[in-house]
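Below is one structure, written out as structure tokens, with a few remarks after it.
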Amino acid sequence: MNEWVKNRHKLIINPKLRDFMPPLSEDEKEGLATQIKQAGEVTDPIMVWSATSEVLDGHNRFVEAEKQKVPYKVKRLDLPDEKSAMAWMVQRQLARRNLSKPALDDLTRSLAEVMGAVGRMGPKTDGQKSYDDVAKIT
């Protein structure tokens with residue numbers, strides 16, 4: 001049995017979660033494919049939400065690993081709900097990617113919407129965050 005078959009995982013790509021992050025450029029995708037081909041495996045683990053087996057980080061790595069039939073590791077995260085999963089995704093990407101100011105602003109706005117944030121000038125009720133509050137955690 002080859003390494004890919006032995007280490008294969010049944011993971012789910014949820015389009016809502018996948019599309020929540022800015023996509024890789026074609027050059028980035030080609031670079032990733034080349035890196036995986038040269039290594040013969042995916043070197044960084046695919047991060048997965050334990051409760052659902054949905055990919056949170058590593059959508060492109062997972063797709064490329066399946067395409068090339070190379071092994072990959074999975075790390076599972078215990079998160080209470082989809083909002084927490086999306087917040088984790090944003091914080092993870094902000095720590096790794098060089099996003100432009102407009103892309104960063106879009107990501108912050110998306111996270112604010114997911115978390116139920118209200119506009120900067122609007123009054124907050126219990127449990128709501130303002131866009132400014134969300135910007136602080138991103």
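In terms of my numbering, the sequence shown opens at residue 1 and continues consecutively. Ideal Cβ placement from N, Cα and C applies to all residues, glycine included.
- DSSP places Leu107 in the uninterrupted alpha helix (DSSP H) bounded by 101-114.
- Taking the CA atoms as reference points, Glu41 sits about 14 Å from Gly31.
- Between Ile36 and Lys67, the alpha-carbon positions lie close to 11 Å from each other.
- Assignment of Met89 by DSSP, reduced to helix, strand and coil, places it in the helix class.
- Residue pairing of Leu94 in beta bridges, as defined by DSSP: absent, with no partner found.
- By the Cβ rule, the region 77-85 counts as touching the region 49-62, because three or more pairs are nearer than 8 Å.
- Beyond the five residues adjoining it in sequence on each side, Glu64 comes within less than 7 Å, by CB distance, of Leu32, Ala33, Ile36 in the same chain, given in chain order.
- Under the DSSP assignment, Val63 falls in the alpha helix (DSSP H) whose first and last residues are 59-68.
- With a threshold of 16 other beta carbon atoms within 10 Å, Thr43 falls short and is exposed.
- At a Cβ-Cβ threshold of 8 Å, Leu56 and Ala85 count as neighbours.
- Going by beta carbons, Leu24 and Asn60 fall inside the 8 Å limit.
- Taking a C-beta distance under 8 Å as the contact criterion, Ala95 and Met115 do not qualify as a contact pair.
- In the structure shown, Glu54 falls within a strand segment according to DSSP collapsed to helix, strand and coil.
- For Lys75, the uninterrupted beta strand (DSSP E) run begins and ends at 74-77, by DSSP.
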